[in-house]
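Counting the sequence shown from 1 gives a position; this note's numbering is that position plus 9. Built from N, CA and C at the ideal position, the CB exists for glycine as well. A short write-up of the structure that comes next.
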Amino acid sequence: MVISFTAKTAWRSLIANKMRSFLTILGIVIGISAIIMVMSLGQGAQNLILSQVEGMGSKTVVVLPGREPKGPTDSLQTFFAESLKEKDLEALEKKSNVPTASEVMPIVFGSDSASYSNETYRLTLLGSSEKVLDIFDLEIDKGNFFTDNDVRGRSDVVIIGSKVKEKLFGESEALGERIRIGDRNLRVIGILPQKGQVSFFNFDEVALLPYTTAQQYIFGIKHFHRLIIEADSEKNIDRTVSDAEATLREIHNISDPEKDDFYIETQADIASRISTITNALTLFLAAIAAISLLVGGIGIMNIMLVSVTERTREIGLRKALGATEKNILFQFLLESIFLTGVGGIIGITLGVSASLIISLAIQSFTTINWPLGISFLAIFLGISVSAIIGIIFGIYPAKKASEKSPIEALRYE
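As structure tokens, then:
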């Protein structure tokens, strides 16, 4: 009964000063909503990236040139490293070397401008073999794909994505026409349907051509940027990796694994690395957003101290009528918890709503298939942090109120 009465008294005290109460909890509202937005959108970004990585399939193994990067600044060196050559591709394709590999495909890639008539469009160039269809699960909408003969003959042929076709040709027919990339005229033999992002390539904005053509005539290189190996089954991934490492070390005359001039990543490795990075970034941003919670907590403590001073006579009167120090402390502590609790509920509502609206806006106004995701961890943290802030920043003002002498309090003007 006493607890119920104290709670009602605390609530009436807050309702009596609606505007001040609202302004007091504003910092809590902003902080909680910001944390939920950051964590929810971070989770959505992580799910999006992971879904693109998994687009290559769980049986895919990627061989990259250069030494394995130890930090963000080392990542660029893999693009410029030249350690993967034709002899490596031939060795990996031999069943005797990697018996569990069902497909091995080289990749070279870059960015360049393609032109047709008066139209120019900057696109992604992807040089590969005919096996790219299976590994990236691609289909041809119109025309045909290049063949192994085109690869061996360094044919001037290209397959373009749906957006490339739209930008260069509009409603006109593209098959059989020639587009100019660099100093080379390439004949369009196929058009991809709208596909979007798969792994790290947006196939709507890509031009696919034989890797031999890309190496010799476009990029002027003799090495590969990637070698993609597809294992015959998921259970043989580890064996595929170990066999590929042994084969490449033998080709490169490497006896010490610490001196490898290549490294191998599985889809699980990439997913784990991306999860680590996105989680760290999300938590960092959430920590920054949490600063407003600290500010809000200090604001609550400040207002509660002001309230204690304003209500000195009320406190003296209640003590004179029999209220104990525990009753007074509990009342003012409840007021602080009510403030942060209401702020937490409003903040959670705003944060969830804003996250959903932003996700829907990204889906509506871009071609990104952004997943709708709400971080329940963020909601739990919002509720917990609100309660904790209410207690921590409410204890001191409540204690100050409870310790007031009833005689001195009644004399206060």
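Beta-carbon separation of residue i and residue j under 8 Å?
i, j, result
"Ile260", "Val70", "no"
"Tyr226", "Val160", "no"
"Ser137", "Leu73", "no"
"Ile37", "Gly229", "no"
"Ile273", "Ala110", "no"
"Asp270", "Arg76", "yes"
"Thr249", "Ala240", "yes"
"Asp97", "Leu184", "no"
"Gly305", "Ile401", "no"
"Gly40", "Leu302", "yes"
"Asp252", "Asn106", "yes"
"His232", "Glu99", "no"
"Ser242", "Lys94", "no"
Based on DSSP bridge pairs, tell me the residues matched to residue i.
i, result
"Met114", "Ile237"
"Leu135", "Phe118 and Leu217"
"Pro108", "Answer by DSSP bridge pairing: none, since Pro108 is not bridged."
"Gln203", "Its beta-bridge partners do not exist; DSSP assigns none."
"Asn194", "Arg189"
"Pro74", "Phe271"
"Val167", "Val197"
"Asn427", "Any answer about residue 427 is impossible in this case: the structure gives the chain only from 10 up to 422."
For the putative contact between residue i and residue j, defined by C-beta atoms under 8 Å, what is the C-beta separation to the nearest angstrom?
i, j, result
"Ile169", "Ile200", "6 Å"
"Leu195", "Val173", "Not really, about 12 Å apart at Cβ, beyond 8 Å."
"Leu134", "Ile190", "7 Å"
"Asp157", "Pro202", "Not really, about 23 Å apart at Cβ, beyond 8 Å."
"Ser368", "Trp379", "5 Å"
"Ile398", "His234", "Actually they are not in contact, since the Cβ atoms of Ile398 and His234 sit about 51 Å apart, beyond 8 Å."
"Ile300", "Ser345", "In fact, because the Cβ distance is near 20 Å, the residues do not count as touching under 8 Å."
"Ser164", "Thr222", "6 Å"
What residues in its chain sit with their C-beta under 6 Å from that of residue i, if we drop five residues either side in the sequence?
i, result
"Met10", "Note that Met10 scores a pLDDT of 42, beneath 50, so its modelled location is shaky; the value from the coordinates is reported in the next line. Answer for Met10: no residue qualifies."
"Lys244", "none"
"Glu186", "Val197"
"Thr129", "Ser122"
"Ile312", "Thr33"
Taking 8 Å as the CB-CB cut-off, is residue i touching chain C?
i, result
"Gly136", "Protein chain content of the structure displayed is limited to a single chain, and chain C is not contained in it."
Tell me whether residue i, by its Cβ, gets closer than 7 Å to a heavy atom of the ligand COA.
i, result
"Phe212", "No copy of the ligand COA appears in this structure; indeed no ligand is present at all."
Starting from the C-beta of residue i, find all residues in its chain whose C-beta is less than 7 Å away, skip the five residues before and the five after it, and write them out in chain order.
i, result
"Met46", "Gly360, Ala363 and Ser364"
"Ala54", "Thr287"
"Thr7", "Residue numbering for the chain in the displayed model covers 10 to 422; residue 7 lies beyond these limits and cannot be assessed."
"Met28", "none"
"Lys176", "Glu128 and Tyr130"
Residue i: which of the options sits nearest, CA to CA?
i, options, result
"Ala43", "Ala387, Ile404, Ala240 and Thr287", "Ala387"
"Phe385", "Thr358, Ile337, Asn311 and Ile367", "Thr358"
"Ser393", "Ser368, Ser122 and Gly350", "Gly350"
"Ile404", "Phe341, Leu390, Gly391 and Phe155", "Phe341"
"Lys408", "Gly331, Ile367, Leu338 and Ser368", "Leu338"
"Leu132", "Arg258, Ile367 and Val215", "Val215"
"Ser49", "Phe374, Ile366 and Ser373", "Ile366"
"Lys140", "Glu102, Ser120, Ser126 and Lys176", "Glu102"
"Glu112", "Phe118, Leu142 and Ser126", "Leu142"
With a CB to CB cut of under 8 Å and the five nearest residues on each side skipped, what residues in its chain are close to residue i?
i, result
"Leu290", "Gly51"
"Asp213", "Gly170, Ser171, Lys172, Val173, Leu201, Gln203, Lys204, Gly205 and Thr376"
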